[in-house]
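Chemist: Residue numbers (my numbering): 40 to 1208. Questions regarding the structure given below will be posed in turn.
In structure tokens form, the structure reads like this:
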């Protein structure tokens, strides 16, 4: 029973919660002991120490009070000197006064004048009170800071000075005659200096502010100078009471003149005590001041290295951005500054650079230029330290750019550092916009919180992939994301350089349609109609829009999109509309009523497009035959002539609203596509195996899903190996596979996740099935399992292990059957002792392949853009030297694109990822640039948004004549928007050393002197106009050519008497040509022998170079009256084929045969005109 009574029944839950909050009242009667825990010892001494020393705020108040006391004592000393009148007599207190003048003429020193002064009683009382307070405070602090060594406390200079200035006053309380005793109270200035130093330290601790060593050192130096001058002034004035009777001002004047080493000599001490004091003060100054100055200079140099601070006042009144980098190179700095300050509204911004390394010599030299020294501030520090972020005033910054160090050997480690920096900045300043650059795509999701992110490998591989199907895409994108005014090359005598430089000034801009003069009149019209007429009327190229209710940007949404006033329009132009002036021509004013789309073609009328002027001229189109006809074919063929051979062809007008009967999109998801219907039975059986879908395995987190051509079943890993057979097939080389299209070979060091983005754009659903090029990955290292898992679902994707410096590897991967070879920069070679030597191995290997396989189109990635001048290098090439001079001249003129005239870059055969750094910088002003670039590259696919492709101009299409008429033809037939031209021209290279055998055909030779050269010259000149993909002559002709060349050289040598100088030049040229011919044959034999050794057939090897005498360049948004030329490749933004599939499902079967964009295998993704 007692046990049951002793049991405590559990309480209901609501009572338990109440007891938890209020406490159980039943236990209040229990014996409980409350224990208090103290951080410090709860003794009287510890409490005093906490109040006087440890606590920052109370200690600061005490030191401020002590500092005030010391200043007050110095002030009272000056008052006593001014009230002192020695003529009334001197002596001890209440003693008989002796006259001061009685000893004036005496040669002996009257020491009573030095030991005794006249001190008034009120003044004495104040001084005694202050001395008593100071004495008690000093003794208390000495007791509290005592640590076992009493002598260390006693012999401190501050303690000795305190005793000298306080103990005599305390003695005068008990011995009145000593009240007039002289006491050197002016020495309290040194105690005031010591109190000020401690007070500043406590102030920094109290306000939680980083102590500035530079500020403290300057303060100490100033205080030391003031104390020396004050001590010397007071000491000399007092000692000269027994001599010259100097006033306080004259003593101050003497000290200033002496310490400044001027030494006029008009005021000098007369007695030896004052002279001895001057000597002592000079010795002290010579010892103390140099030490203080040395410390100050050292701190100044250290501050120059670390960069100091960005002041809080400036951060609140001025705008600034912060650039965080691991190591700052001069190229990176200049690219950022030139691109950032190219925008007019950013001229008043400051750039604060936060870098953990010491400033480079070249960077220091550049930042000393007045243009940058007033706007760029370099701070040495880490973004992971809050103190350094506070120095950079990150919380007040307009933006923070965090760039990765791409020259690191371990790029993953570089990304990890970037991620930590981004996290640290976001934690410290959550409202500061972040612009982050990441190298590896698998690390991108760690910084997805940033406002803008650019993944280097994603953009790089996608751009290199598009280079294979749309030539020079890298050059096109690079020119679009660079800021330029289109003034480059305008003083050049070369026509192509002037046109190329002018068109390079085109950039992407945006404007609200309701506020635009360019597009306002097209409200309620179709997108295609607005794009064509805006280009025809103003010379601007409308490429995309963004709905107000939808934040997605759509490139070429197609004719079914109706323009609204609230739409944001994205267009390509030399400058933005706000900076454009509209100039009306007189004849155009008379034709205002005809601007609606009517007019006749009267020949080319030049459209004056200037850097800041968009003229309002029109290019008249031939619209004689305006009846609507269904666009049942994308071939821009010549219209049928109705029995009349004189009738000119016509182009259908662009409709204001879409006509569903004339624009029938093909359903690319249907099984019965045009690709399959036009193929033979044996080809169709293979192509039918492809399906469209999303890749099942993504190699990294954050990759955008893209609809692609896929295999119905994943290929076994053994079948992905190109050079080794397996149980599924026995093919061991590219020839055995019997590919219908040319190969695309990618040479990379490792199969990184970024390589996945090379494959996806080439297997996207909008690529025609019969135009898919086989992809061969030539890898230095064996790919990992997860990468093979990601690519095994794509058709015609293979890999093999090998390097580009191994001829056997190149031959086995099928280089003689390849149309494009992409050489990716290797991570292991990105860092070198000499920065610009990082590309040495790549350049030499590419040059070797250029000599061995001259007909191959090689696309190379370099680390440094300045090294592109070594690509396809030809010694003693005068044209390249002229381009080099042009590049230097453009750089001196301040161009950001000085390298644009280099032939490899203009042709799109060389690319450096550092060129795309400006994409991140431009996003600060144009927040849409990253999105548009990713849509153009195929990295992102937005429903309803178009994609970039290309088409070629053939002889049958030259009837269109101009780019403006082509714009109308494309808009009216297939709703495609052209944005530029890739033009290839045959060029006569004026070389002092002919670089190939075909150069001989372009050497001007006097026919009268060497008539026998006609046949040879004509034979070699036949192929100069061929396209770069044309094949060379048969090899059986080479010996005959060699014999004729030797006969020609002999005749030239016999006829050298008439024109000795010209003949000598011809002879040297022909001999060198024969030598190079022999060298080519040796290289050809070398390649063929290796192919025979590997068991490969030698047919198809091309030893002649078909594009050495050509130059190619990109024209972005050329004027409408630009003449089309043969083999021009036009860049198009084609509308999304799947955008309206759901609306037109009933017409899918009939539209498949009328599919837009039908091409042929030779031009890959090019629309046949």
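Beta carbons are placed, not taken as given, at the ideal position from N, Cα and C, and that holds for glycine. Here the structure is a predicted model, which is why all the values come from computation and not from measurement.
Quick one: residues in its chain with C-beta nearer than 6 Å to the C-beta of residue 568, no 5 flanking neighbours on either side, listed in chain order?
Modeler: 693 and 695
Chemist: Taking Cβ positions, are residue 431 and residue 361 nearer each other than 7 Å?
Modeler: yes
Chemist: Kindly indicate which three-state DSSP category residue 488 falls into: helix, strand or coil?
Modeler: coil
Chemist: Given residue 103, which residues of its chain have a CB within under 7 Å of its CB, disregarding the five upstream and five downstream residues?
Modeler: Excluding five sequence positions before and after residue 103, the CB atoms of its chain that fall closer than 7 Å to its own CB belong to 238, given in chain order.
Chemist: Buried or exposed: residue 452, going by 16 or more other Cβ atoms within 10 Å of its Cβ?
Modeler: exposed
Chemist: Please classify residue 513: is it buried, with 16 or more other beta-carbons within 10 angstroms of its beta-carbon, or exposed?
Modeler: buried
Chemist: Give the range of the beta strand (DSSP E) segment to which residue 950 is assigned.
Modeler: Where residue 950 is concerned, the enclosing beta strand (DSSP E) starts and stops at 949-951.
Chemist: Below 6 Å CB to CB, which residues in the same chain sit around residue 590 once its five sequence neighbours on both sides are set aside?
Modeler: none
Chemist: Buried or exposed: residue 288, going by 16 or more other Cβ atoms within 10 Å of its Cβ?
Modeler: exposed
Chemist: Which value, in whole angstroms, describes the spacing of the CA atoms of residue 258 and residue 976?
Modeler: 59 Å
Chemist: For residue 546, count neighbouring Cβ atoms within 10 angstroms of its own Cβ and tell me buried if that reaches 16, exposed if not.
Modeler: buried
Chemist: Are the stretch 798-817 and the stretch 848-864 in contact at 8 Å, needing three or more beta carbon pairs?
Modeler: Between the stretch 798-817 and the stretch 848-864, the count of Cβ pairs shorter than 8 Å is three or higher; the stretches touch.
Chemist: Quick check on DSSP: helix, strand or coil for residue 987?
Modeler: strand
Chemist: Check each candidate in 1165, 1157 and 1010 and name the one with the smallest Cα separation from residue 1173.
Modeler: 1010
Chemist: Using 8 Å for Cβ pairs, my map puts residue 753 next to residue 831. What's the rounded Cβ distance?
Modeler: 5 Å
Chemist: For residue 256, collect the residues of the same chain with a Cβ closer than 7 Å to its Cβ; drop the 5 residues on either side in sequence, then sort them by chain order.
Modeler: 334, 335 and 338
Chemist: What residue ranges within the stretch 150-212 form continuous alpha helix (DSSP H) runs of no fewer than 4 residues, ordered along the chain?
Modeler: 151-154, 160-183 and 189-193
Chemist: Below 8 Å on the Cβ atoms is my guess for residue 778 versus residue 856; work out the distance and round it to an integer in Å.
Modeler: 7 Å
Chemist: Apart from the five residues just before and just after residue 110, which ones in its own chain have a Cβ nearer than 6 Å to its Cβ?
Modeler: 231
Chemist: Starting from the N-terminal side, write out each stretch of the beta strand (DSSP E) that is 3 residues or longer and does not extend beyond the stretch 375-452.
Modeler: Here the runs fully enclosed are 389-394, 415-419 and 438-441.
Chemist: Could you tell me which whole alpha helix (DSSP H) segments of length 4 or greater appear in the stretch 808-876?
Modeler: Counting only runs of 4+ residues, the alpha helix (DSSP H) found wholly inside the stretch 808-876 occupies 824-830 and 846-851, in chain order.
Chemist: Would you tell me roughly how many angstroms separate the C-alpha atoms of residue 947 and residue 780, rounded to the nearest one?
Modeler: 22 Å
Chemist: Quick one: measure Cβ to Cβ for residue 174 and residue 205, integer angstroms, because I've assumed they're closer than 8 Å.
Modeler: 4 Å
Chemist: Determine the direct distance from the alpha carbon of residue 411 to that of residue 379, and round the result to whole angstroms.
Modeler: 12 Å
Chemist: Just mark residue 355 as buried or exposed, buried being the case when its beta carbon has 16 or more other beta carbons within 10 Å.
Modeler: exposed
Chemist: Tell me where the beta strand (DSSP E) around residue 787 begins and ends.
Modeler: 782-787 is the span of the beta strand (DSSP E), which, as asked, contains residue 787.
Chemist: Quick one: Cα of residue 910 to Cα of residue 357, how far?
Modeler: 45 Å
Chemist: Taking its Cβ as the centre, do 16 or more other Cβ atoms sit within 10 Å of residue 398, making it buried, or is it exposed?
Modeler: buried
Chemist: Could you give the DSSP three-state label for residue 215: helix, strand or coil?
Modeler: helix
Chemist: By alpha-carbon positions, which one of 367, 314 and 94 ends up nearest to residue 391?
Modeler: 367
Chemist: At the level of alpha carbons, what is the spacing between residue 214 and residue 234?
Modeler: Those two C-alpha atoms are separated by around 31 Å.
Chemist: Please report how far the alpha carbon of residue 386 lies from the alpha carbon of residue 556, in whole angstroms.
Modeler: 27 Å
Chemist: Does the distance from the CB of residue 1023 to the CB of residue 1166 come in under 7 Å?
Modeler: yes
Chemist: With a cut-off of 8 Å on the beta carbons, I'd call residue 983 and residue 1153 a contact; round off their distance for me.
Modeler: With 8 Å as the limit, residue 983 and residue 1153 do not qualify as a contact, their Cβ atoms being about 27 Å apart.
Chemist: Could you have a look at residue 498 and say whether DSSP puts it in helix, strand or coil?
Modeler: helix
Chemist: Are the stretch 85-100 and the stretch 115-125 in contact at 8 Å, needing three or more beta carbon pairs?
Modeler: Contact fails between the stretch 85-100 and the stretch 115-125, because fewer than three Cβ pairs, one in each stretch, are under 8 Å apart.
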